[in-house]
Amino acid sequence: MGFRSLQDCVRSLAAAGEVVRIDHPVDPRLEIAEIQRRLFRDGGPALLFSNPRGSSFPILVNLFGTRRRVERIFADTLERVRRLVELKIEPQRALERPWRYWRAPLDALTMLPRRVRSGPIMAHAIALDRLPHLVSWPGDGGPFVTLPCVYSEDPAAPGTRASNLGMYRVQLAGNDYDPLHEVGLHYQIHRGIGVHHARALERGVPLRVVITVGGAPAMTVAAMMPLPEGLSELTFAGALAGHRIPMVRRPGGPAVYADADFAIEGTILPGTKPEGPFGDHLGYYARQHEFPVLRVDQVRHRPGAIWPATVVGRPPQEDTLFGWLVHELTGPVIPTVLPGVSSVHAVDAAGVHPLLLAVGSERYLPWRRSDRPAELLTQASAILGQGQLSLAKYLLIVDGLGAPGLDAHDVPAFLAHLLQRVDWQRDCHFHTETTIDTLDYSGSGFNAGSKLVVAARGPARRTLGTDMPADVPLPSGFHSPRVCLPGIVAVGGPAIAPQPALAAPDERAIWSRCATADWTADIDRLTAAIGPDHALGAWPLVVVVDDPGFAAARLENFLWLTFTRSNPATDVHGVGAGIRHKHWGCRGPLVIDARLKPHHAPPVEEDPQVSARVDALCARGGPLHGIVE
């Protein structure tokens, strides 16, 4: 059966050499985070720091750091969940292959949370400031809980059935928080807790929340699963854990996960306080903004509690494996939710939300051969109407009927297929003045920006170049064109003013910098210079960046720069651009301005002094030698 506690999981993985105990004192401020990043990069083991400085509790990192370890953690249950998904898609399979699905009724029972009177989590009470205080990046505004499970119940229908379990950022100290009684609760647009909070405000009642850390690894995965609204994450957690999730129900408050390692119970207060900055999953610092505050009533921990932690930052990081697991479990469901769509890929290297790739299908009028997208646009609208997929800035969709076997997860093949077929005069469809990810600072305001849908079908219309001439004439300030992928060139552009400070109480001051947009004149000079006979004229996609060598060095670099540093409505340009019937298009190459701009947040960077200290820990004779590079 699946693990019922984090302690059981750690013991099992340690016996297999997948968890290593480190008794040497290590600093939770920056050092542990840097060690975690190196561990993940090298495919290393999970580490249990038994003696972190300033903490009474051991800290565990890199638990989900490799596919092999994730598969080992859920070895008893992954296949069972897959079979439940298969039956969800095609219930008749149970009759056609009863021997394959004989366990399905038993597995389905594990999806029902179990009400209990008490549990290990109720054993000990402590002060809030005794929790481990991990800081991941030098510019962070304080210590954060990086693997929290935030539990709330619907005020209109209390109980586990309509509950929500989400992974929302929790700031433990810093800014204006009372270090003994308050934590920051950062939840973003399109998150389930927002529905509960809105209903509590409508009813004039407080919203009680329980933040748990640790417990069965299935609870951590369930907290970040993009499940449909109204479906409790506790049901998914039970299936993945292989047992019913025990919840301690008390009068007058939400249930508490009985097997958690830690629990922070409290009430969301009226009003907000500044939260952040925080190095986030797009690879930049999320600035300080106003977010709800949780007034802490009680902090508990179980005997032998372990504090699991991770680091978020420029992908790939450990949460990349969460995305892989989501695809493994939910990928087969996509055609049932999005008819005609065979695969959707939220590209991790681009920060997840900025870029979606999708393989759809043109099934309309099969007797009439056409290269004009039709059903692809219907499918694109359906994709953008699905929960967190609606936060996408760029959605690129192609017709899979013309390319059997094409998968959105094969990024180079997908981009080549699209660029061979796209007609920039016809296939660009903008959504302006709309919502984007809260953490994305490329837009025109907080949660505000634009989207671009590119839909391409039909036969190939061009051959993609792979070589760039040595001497390419460029306007002043532009330099060093480099080939990133077939058909894609990165060009260095004139530098723009540096980014503003991280803490910015006056958000309008940040976004007003975007309104000036005086840097677009640079791009106008470039597009005007690219004529039919210009060396760049045959390349369908040109990206203007600060460092073309960096952009071209790796696929991940190109994806990160291009899609995290551009807002379609202001940063997508084109050679021979024009508007016809309110539709924008261009005759020549599409040009994306992906330079850092004044309103962007600065990228996260490691502290050189901390890096040197970790180097010493990893050197010959150091406590991490042979474990961490």
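So in our numbering, the last one in the sequence shown is 613, and the numbering has no gaps at all. In this text, a Cβ means the ideal position worked out from N, Cα and C, and glycines have one as well.
Would you report the Cα separation of G143 and R183, rounded to the nearest angstrom? Reading the sequence shown from its first residue, position 159 is the one you call residue 143. Reading the sequence shown from its first residue, position 199 is the one you call residue 183. When rounded, the distance between both Cα atoms is 15 Å.
Here's a check: name, in chain order, each residue in its chain whose Cβ is nearer than 8 Å to the Cβ of P489, leaving out the five neighbours to either side. As a working mapping, residue 489 is identified with position 505 in the sequence shown. For P489, the pLDDT reaches just 48, beneath the cut-off of 50, and the residue's location in the model is therefore unreliable, leaving the point undetermined.
Could you give the distance in angstroms between the alpha-carbon of A109 and the alpha-carbon of I248? For the purposes of this step, residue 109 is taken as residue 125 along the sequence shown, with counting starting at 1. For the purposes of this step, residue 248 is taken as residue 264 along the sequence shown, with counting starting at 1. Going by the C-alpha atoms only, they are around 10 Å apart.
Taking just the CA atoms, how far does H413 sit from R441? Numbered from 1 along the sequence shown, position 457 holds the residue referred to as residue 441. Numbered from 1 along the sequence shown, position 429 holds the residue referred to as residue 413. Answer to the nearest angstrom: the Cα atoms are 14 Å apart.
Only counting runs of 3 or more residues, tell me where the beta strand (DSSP E) segments fall wholly within the segment 81 to 126, in order along the chain. Note on the segment 81 to 126: whole beta strand (DSSP E) runs with a minimum of 3 residues are 98 to 100, in chain order.
Could you check if Y348 is buried or exposed, using at least 16 other CB atoms within 10 Å of its CB as the buried criterion? Taking the first residue of the sequence shown as 1, we reach residue 348 at position 364. Its Cβ having fewer than 16 others within 10 Å, Y348 is exposed.
Inter-residue spacing [alpha-carbon to alpha-carbon] between P116 and A289: As a first step, residue 116 is located in the sequence shown; it is residue number 132 there, counting from the start. As a first step, residue 289 is located in the sequence shown; it is residue number 305 there, counting from the start. Looking at the two C-alpha atoms, the distance is approximately 11 Å.
Whose C-alpha, out of L339, Q363, H329, is nearest the C-alpha of S345? Translated into positions along the sequence shown, residue 345 becomes position 361. Checking every option, the nearest Cα to that of S345 belongs to Q363.
Between Y268 and R298, what straight-line distance do the alpha-carbon atoms span, to the nearest angstrom? Here residue 268 refers to the residue found at position 284 when the sequence shown is read from its first residue. Here residue 298 refers to the residue found at position 314 when the sequence shown is read from its first residue. Roughly 7 Å separates the two Cα atoms.
Identify which residue in R286, R228, P319 has its Cα closest to the Cα of A244. What you label residue 244 is simply residue 260 of the sequence shown in a count that begins at 1. The candidate whose alpha carbon is nearest that of A244 is R286.
Selection from P36, G477, Q155 that minimises the alpha carbon distance to T511: For the purposes of this step, residue 511 is identified with residue 527 of the sequence shown, where counting begins at 1. For the residues P36, G477, Q155, the minimum Cα distance to T511 belongs to G477.
Is the separation between the beta-carbon of Y152 and that of V194 shorter than 7 Å? Counting from 1 along the sequence shown, the entry for residue 152 is found at position 168. Counting from 1 along the sequence shown, the entry for residue 194 is found at position 210. In terms of Cβ geometry, Y152 and V194 do not form a close pair [threshold 7 Å].
At the level of alpha carbons, what is the spacing between V612 and P292? In the sequence shown, residue 612 corresponds to position 628, counting from 1. In the sequence shown, residue 292 corresponds to position 308, counting from 1. Taking the straight line joining both Cα atoms gives about 19 Å.
Under 8 Å by Cβ, that's how I've got L399 and L469 pegged, so tell me the actual separation to the nearest angstrom. Here residue 399 refers to the residue found at position 415 of the sequence shown. Here residue 469 refers to the residue found at position 485 of the sequence shown. Their Cβ separation, rounded to whole angstroms, is 6 Å, which keeps L399 and L469 in contact under 8 Å.
Do the segment 578 to 587 and the segment 541 to 556 meet, that is, are 3 or more Cβ pairs less than 8 Å apart? yes
When burial is assigned at 16 or more other CB atoms within 10 Å of the CB, is A439 buried or exposed? Counted from its first residue, the sequence shown places residue 439 at position 455. By the 10 Å Cβ count, A439 comes out buried.
Confirm, please, whether the CB-CB distance from S426 to S595 is below 7 Å. Position 611 of the sequence shown, counting from 1, holds the residue named residue 595. Position 442 of the sequence shown, counting from 1, holds the residue named residue 426. For the pair S595 and S426, the CB atoms are not nearer than the 7 Å cut-off.
Hey, would you say T219 sits closer than 7 Å to M95, going by beta carbons? For this step, residue 219 is matched to residue 235 along the sequence shown. For this step, residue 95 is matched to residue 111 along the sequence shown. A contact, by the Cβ cut-off of 7 Å.
Return the residue from the list M209, V343, A342 that minimises the CA-CA distance to G307. As a first step, residue 307 must be located in the sequence shown, where it is residue number 323. Looking at the Cα atoms, M209 is the closest of the given residues.
Per-residue burial, P593 [other beta carbons within 10 Å of its own, 16 or more giving buried]: Taking the first residue of the sequence shown as 1, we reach residue 593 at position 609. According to the sequence as given, residue 593 is Gln; it is not Pro. Burial is judged here by how many other beta carbons sit within 10 angstroms of a residue's own beta carbon; Q593 has fewer than 16 and is exposed.
Can you tell me which of E63, A561, D11 puts its alpha carbon nearest to the alpha carbon of Q409? In the sequence shown, counting from the first residue as 1, residue 409 sits at position 425. Per the Cα distances, A561.
3-residue-minimum beta strand (DSSP E) runs that sit fully inside the segment 255 to 325, ordered along the chain: 273 to 285, 291 to 293
Per DSSP, what are the beta-bridge partners of N148 in this structure? Position 164 of the sequence shown, counted from the start, is the residue given in the question as residue 148. DSSP output for N148 lists S136 as bridge partner(s).
On the CB-based measure, 16 or more other CB atoms within 10 Å of its CB, does G605 come out buried or exposed? For the purposes of this step, residue 605 is taken as residue 621 along the sequence shown, with counting starting at 1. Label assigned to G605: exposed.
Which residues in the same chain as D7 place their Cβ atom closer than 6 Å to its Cβ, once the five residues preceding and following it in sequence are excluded? As a first step, residue 7 must be located in the sequence shown, where it is residue number 23. Once the five neighbours on either side are set aside, the close Cβ partners of D7 are S34, N35.
S434 versus L340: straight-line alpha-carbon distance, rounded: If you number the sequence shown from 1, residue 434 lands on position 450. If you number the sequence shown from 1, residue 340 lands on position 356. One C-alpha to the other measures close to 14 Å.
Helix, strand or coil, according to DSSP, for P396 in the structure here? Numbered from its first residue, the sequence shown carries residue 396 at position 412. Helix at P396.
E55 classed as buried or exposed, judged by whether at least 16 other C-beta atoms fall within 10 angstroms: Counting from one through the sequence shown, the residue named residue 55 turns up at place 71. That one is exposed.
Between I252 and P235, which are expected to be in contact by the criterion C-beta below 8 Å, what is the C-beta distance as a whole number of angstroms? Reading the sequence shown from its first residue, position 268 is the one you call residue 252. Reading the sequence shown from its first residue, position 251 is the one you call residue 235. Contact between I252 and P235 is ruled out by a C-beta separation of about 20 Å, above the 8 Å threshold.
What residues in its chain sit with their C-beta under 7 Å from that of D264, if we drop five residues either side in the sequence? Counted from its first residue, the sequence shown places residue 264 at position 280. Taken in chain order, the residues that qualify are A270, V296, L423.
Spatial distance of L614 from G(-14) (CA atoms): With the chain running from -15 to 613 in the structure shown, residue 614 is simply not present.
Enumerate in chain order the residues of its own chain whose CB-to-CB distance from G250 is below 7 Å, with the five nearest sequence positions on each side excluded. Residue mapping note: residue 250 aligns to position 266 of the sequence shown, counting from 1. So the list reads V193, L278, R279, V280, D281, once near-sequence residues are dropped.
Close Cβ partners of D520 (< 8 Å) along its chain, the five nearest in sequence each way excluded: As a first step, residue 520 is located in the sequence shown; it is residue number 536 there, counting from the start. The amino acid at residue 520 is misidentified as Asp; the sequence shows Leu. Here the set comprises V456, P465, V473, V475, I514, V526, P573.
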